[in-house]
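Here the structure is laid out as C-alpha cells; the discussion comes afterwards.
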Amino acid sequence: MEAMRGANSILVNELLELIPASPATVRRDITALEREGKIRKARGKVFLEDSSRVPIYELRDAMHDEEKKRIGRAAAELVQERDSIIIDAGTTTLALAENLRNRQYLSVITNSIPAAYAFNATSVDVFMCGGMLEDMALADEDAVQFFAAHQVEKAFLGASGVRGTTGVTVGSPFQMMVKRQMIASARESYVLLDSSKFHIMGINLFADFRDLTGIITTKPILNEKLLERLERENVKVIYAE
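Start counting at 1 in the sequence shown, then tack on 1151, and there's your number in our numbering.
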C-alpha cells in the first residue's frame, strides 16, 4: 500500500522484488487485500481501489507490528530520566513513544500527532511543532524552524528506506527537511528500522550514515559493504531482542 501511494498502482513483479517475502506470500496477501476491497488486480498490475479512502498510516501501523514493538522497547532503553528527546513521525517511532508513557521526568519534542497523543494524561512534557499535516506528521518550513530553535540529547527518527551504503531515505520532501533539522538539533541521532526498510531504496536522502549515532533494528544486516561503512563511521547497530 505504501509503494502505491502517489502512483496508485504498481506491477506485481515490482512488488515481488520490493517485499522481502516469498512470491507465494506476496500473492496471498494481494488476494487478501483484493478480497477486503482495498485493491484490485488486473493485467499483472495492482491498483488502489479508492485511494481517497485508504488509511495509509493505519495500514503501515499494522505492518511488521511485533517487530516495531521490539524496536520501540530497545529504543526506550536508551532514554534516561530527565532527558529531552525528539520523536519523529512514523509507526515505528510511535512504538517508542508507547514505551515511554510511564516516565516521570522526560521532555519530548515531536511532529507526530499519534506520538503526542500517546503521552496524553501522562507526566511526560510534550512540545509539538506547527506545520502542514501530511500522513499524521507536521512537516514544512514552520516545523523546520521549530526544531532549529531546540537542542536535545537524543533524536529518534523513522525512515522509508535505506539507500545502499549511503544513508537513509524518506518519501516526502517536506519530511526530509524536518528530519535533517532533527538530526542537527540532537547530540545523538538514532534511526529505527524494521527489516523491510533495508529492501526499499527510497527517494529523498535525509541522512548520510556519518550523521547518525546508531541504527535500531531486529534482524542481522547481511550487506557486508553496509556493515563495513557503518563500522567505519562508528555507527552503532542495536538489535532488538
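Yeah, the Cβ is synthetic: ideal placement off N, Cα and C, and Gly gets one too.
Nothing here was measured: the structure is a model prediction, and the numbers come from that model.
- A straight-line Cα-Cα distance of about 14 Å links glutamate 1392 and serine 1346.
- Check the Cα spacing between glutamate 1228 and each of Thr1242, Asp1239, Glu1217 and Glu1249: the tightest is with Glu1249.
- Methionine 1287 sits in coil when the DSSP states are folded into three classes, being neither helix nor strand.
- Under the 10 Å beta carbon count, glutamate 1218 is surrounded by 16 or more other beta carbons and is classified as buried.
- Counting of Cβ neighbours within 10 angstroms places phenylalanine 1307 among the buried residues, the total reaching 16 or more.
- Pairing arginine 1254 with serine 1160, the inter-Cα distance amounts to about 43 Å.
- With a cut-off of 8 Å on Cβ pairs, the region 1276-1288 is in contact with the region 1320-1329, counting three or more such pairs.
- Tyrosine 1256 carries a coil assignment under DSSP once its states are collapsed to helix, strand and coil.
- Sequence-distant Cβ neighbours of phenylalanine 1357 in its own chain, meaning closer than 6 Å and more than five residues away, are Val1321, Met1327, Lys1330 and Arg1331.
- Bounds of the beta strand (DSSP E) holding leucine 1343 are 1337-1343.
- In the pairwise beta carbon analysis, the region 1265-1279 is classified as not touching the region 1371-1381: fewer than three pairs are separated by under 8 Å.
- Shortest Cα-Cα distance from histidine 1301 to any of Ile1334, Ser1323, Thr1317 and Ala1310 involves Ile1334.
- In this structure, the beta-carbon distance from glycine 1318 to isoleucine 1351 does not fall below 7 Å.
- The three-state reading of DSSP puts valine 1303 in strand, counting E and B together.
- With a threshold of 16 other beta carbon atoms within 10 Å, phenylalanine 1278 falls short and is exposed.
- Leucine 1343 is a Cβ neighbour of threonine 1243, given a cutoff of 7 Å.
- Excluding residues up to 5 positions away in sequence, Tyr1256 lie with their Cβ nearer than 6 Å to the Cβ of glutamate 1232 in the same chain.
- Minimum Cα-Cα distance from arginine 1194 among the listed residues Val1177, Val1163, Asp1239 and Glu1187 corresponds to Val1163.
- For glutamate 1292, same chain residues with a beta-carbon under 6 Å away, outside a window of 5 residues either side, do not exist.
- The three-state reading of DSSP puts glycine 1318 in strand, counting E and B together.
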